[in-house]
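Residue numbering for the sequence shown follows the working numbering, beginning at 87 and increasing consecutively.
Beta carbons are placed, not taken as given, at the ideal position from N, Cα and C, and that holds for glycine.
None of the values given here were measured: they were computed from a predicted structure.
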Amino acid sequence: MFISLLTLVGYGIFFGIKLYTTGISLPSNIPESYPRGFFLTECNIYAIVASIFLLLIYDFAFLVFINVEFEKTQSTEIIYFVMFLFAVFMEHHRLITPFLNLWENANALEIFVTNTLILGRTVAPLSLLFSVIYSNSESRQYTEQTLIGIIVFSLFIAKLVPVNTNLVLPIGALRIGFGKMIYFMLMIVFIVAIISQLIKKILTHSNSKLFVSFIFLIIGYFIMIQSYSILTTILGTVPLFVGTYNYLRALHSQYLWN
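Shown next as structure tokens:
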């Protein structure tokens, strides 16, 4: 909580100074896959920066929420969800690119930024998946080993996936090799997590609100990590915040009932 708040305030101050002195801009070479022409859908550096700041606010706000609401609740799902918040926190590294103007200079720092993104974006779906399949009391004793396994596997993926040092994307990271395949695999893990949540709902007769909110949370996250315009930032922020709040409330009610 303290680290996320410190990071949010630090970047906020740095952004203010940068905006006042030199300003920030997009790279000169924007891939054709990014829409142009309409202000809501075209690539916008301020929308990109805003989306990353919103992820930092999201991270801090829900860590506070968890600290208050789940202080006396023994919930395995919350342990994995905090790991998911750790993955969301990794997105702040993208701010380094526009703030230090690394668009045209793919140095070691930019490679580090991209590797940390791959790490976070691998941890996120795995954390949500294991929050569902390892949520029973029998699996609680293996939580530490599972978390370490998620981190080690994600670090391996982050080092294994190649990056294209010739192109820095407007979202603030290098284009990764096998990009479509990697995102397809992440989507598969998210879909498996949703199916697992559905099966769990049917077997335990849990509240439908928990299942629906879980889906909205995933949709919001997936949009926000790739947000590049005003429209995508809005479309990602609403389901992410609303879905997470309702998910945690439903989870809290479930543990109070039990």
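Contact the region 111-127 vs the region 93-103: 3+ CB pairs below 8 Å: no
Return the bridge partner residues of Asn250 from the DSSP annotation. Arg261
Nearest-angstrom Cα separation, counted from His291 out to Phe101: 47 Å
Roughly how far, in whole angstroms, is the beta-carbon of Thr108 from the beta-carbon of Ile197, given that I think they are within contact range, below 8 Å? Contact doesn't hold; Cβ gap of about 24 Å is too wide.
CA nearest to the CA of Ser137, picked from Ile257, Met267, Arg207: Ile257
Is it the case that the Cβ atoms of Gln283 and Val218 are separated by a distance below 8 Å? yes
If I measure Cβ to Cβ from Ala173 and keep anything under 6 Å in the same chain, skipping five residues before and after, which residues do I get? Gly206, Val209, Ala210
So what does DSSP say about Gln312, is it helix, strand or coil? coil
Using only CA atoms, which one of Leu140, Leu181, Met169 lies nearest to Lys104? Leu181
Tell me whether the beta-carbon of Ile281 lies closer than 8 Å to the beta-carbon of Glu177. no
So, for Cys129: in the same chain, excluding its five sequence neighbours on each side, which residues have a beta-carbon less than 8 Å away from its beta-carbon? Leu112, Ile116, Tyr120, Pro121, Arg122, Pro256, Tyr314, Ser315
Which word fits Met169, buried or exposed, when buried means at least 16 other C-beta atoms lie within 10 angstroms of its C-beta? buried
When the Cβ atoms of the region 137-155 are set against those of the region 323-330, are three or more pairs found closer than 8 Å? yes
Nearest-angstrom beta carbon gap, Leu303 and Tyr333 [assumed within contact, 8 Å]: 5 Å
Beta-carbon gap between Ser213 and Ile234 smaller than 8 Å: no
Assigned secondary structure, Met176 (DSSP; H/G/I helix, E/B strand, else coil): helix
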